[in-house]
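Participant:
In the working numbering, the protein residues as written are 14 to 241.
Next up, the structure:
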């Protein structure tokens, strides 16, 4: 149907996309059929031939497939900026992570830290623990998941600290976000969207892109842990 737009999106936008589905249908008469996975997994799926109308990826990932001709470059828009943060199980003490030294101590003091093998947060965390000189200590007891929400490891008790994009941490119930890793230790990920060149729903897709990039959705993005 012409008013249903197929969206493949990075996990970081899952909360925002779900919360915007109702307002989008009301405002534009467009329904979203969405699937979510880390950017690297989505790139593999797209290159393997999976179809979609719109993709939401890291800016770098979107630029890659635009260069390959899979996305119409002129339709690409930046949607949100995202920072990596830490979370604990609901009710647990919040460690001090306000400075580099405090963060290092908090990570070393954790029984186990959960992080994702792929995705922007996992890449950043690997670089971070290398910078802090604690790679072997952390990985000796880390819970490294292939993909998905790291905060689920807090709920099961497998870890007592979880690292991921704040918007992804907030997707899991019964956890509490401690806060972002100090800003000077990370470069925020920028998530962008574009229309697939093979889409047969160009008009509806472009309306959806305009809606997602509009000031009207800023409050929803903020609520989900992103910065417009």
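Glycine included, every Cβ here is placed at the ideal spot set by N, Cα and C.
From residue 241 to residue 98, what distance separates their C-alpha atoms?
Facilitator: 17 Å
Participant: In whole angstroms, give me the CA-to-CA distance for residue 216 and residue 136.
Facilitator: 36 Å
Participant: Taking its Cβ as the centre, do 16 or more other Cβ atoms sit within 10 Å of residue 231, making it buried, or is it exposed?
Facilitator: exposed
Participant: Out of 108, 49, 68 and 163, point me to the one whose CA is closest to residue 120's CA.
Facilitator: 108
Participant: Helix, strand or coil for residue 200 per DSSP?
Facilitator: Of the three classes helix, strand and coil, the one that applies to residue 200 here is coil, per DSSP.
Participant: As a quick exercise: from 19, 192 and 161, pick the residue whose alpha carbon is nearest that of residue 64.
Facilitator: 19
Participant: Where DSSP assigns a beta bridge to residue 19, which residues make up the other side?
Facilitator: 46
Participant: Residue range of the alpha helix (DSSP H) that residue 135 falls in?
Facilitator: 133-145
Participant: In the DSSP assignment, find the beta strand (DSSP E) that holds residue 92 and state where it starts and stops.
Facilitator: 90-95
Participant: So for residue 175, helix, strand or coil by DSSP?
Facilitator: strand
Participant: For the beta strand (DSSP E) containing residue 70, name the first residue and the last one.
Facilitator: 67-71
Participant: Considering only C-alpha positions, which residue in the set 195, 214, 197 and 182 is nearest to residue 239?
Facilitator: Residue 182 holds the alpha-carbon nearest to the alpha-carbon of residue 239 among 195, 214, 197 and 182.
Participant: For residue 91, count neighbouring Cβ atoms within 10 angstroms of its own Cβ and tell me buried if that reaches 16, exposed if not.
Facilitator: exposed
Participant: Can you tell me whether DSSP reads residue 208 as helix, strand or coil?
Facilitator: strand
Participant: Rank 199, 164, 21 and 233 by C-alpha distance to the C-alpha of residue 103 and give the top, closest one.
Facilitator: 164
Participant: Could you give the first and the last residue of the continuous alpha helix (DSSP H) run that contains residue 232?
Facilitator: Where residue 232 is concerned, the enclosing alpha helix (DSSP H) stretches over 231-236.
Participant: Should the segment 203-212 be called in touch with the segment 221-231, which here means at least 3 C-beta pairs below 8 Å?
Facilitator: yes
Participant: Could you check how far apart the C-beta atoms of residue 189 and residue 101 are, in whole angstroms? I think they sit under 8 Å.
Facilitator: 6 Å
Participant: Beta-carbon of residue 81 versus every beta-carbon of chain D: anything under 8 Å?
Facilitator: In the structure shown, chain D does not exist; there is a single protein chain.
Participant: With a cut-off of 8 Å on the beta carbons, I'd call residue 130 and residue 158 a contact; round off their distance for me.
Facilitator: Separation of the CB atoms of residue 130 and residue 158 is rounded to 7 Å, and the pair is thereby assigned contact status at 8 Å.
Participant: Can you give the Cα-Cα distance for residue 174 and residue 111, rounded to whole angstroms?
Facilitator: Approximately 15 Å, taken between the alpha carbons.
Participant: Looking at the structure shown, is residue 64 part of a helix, part of a strand, or coil, going by DSSP?
Facilitator: coil
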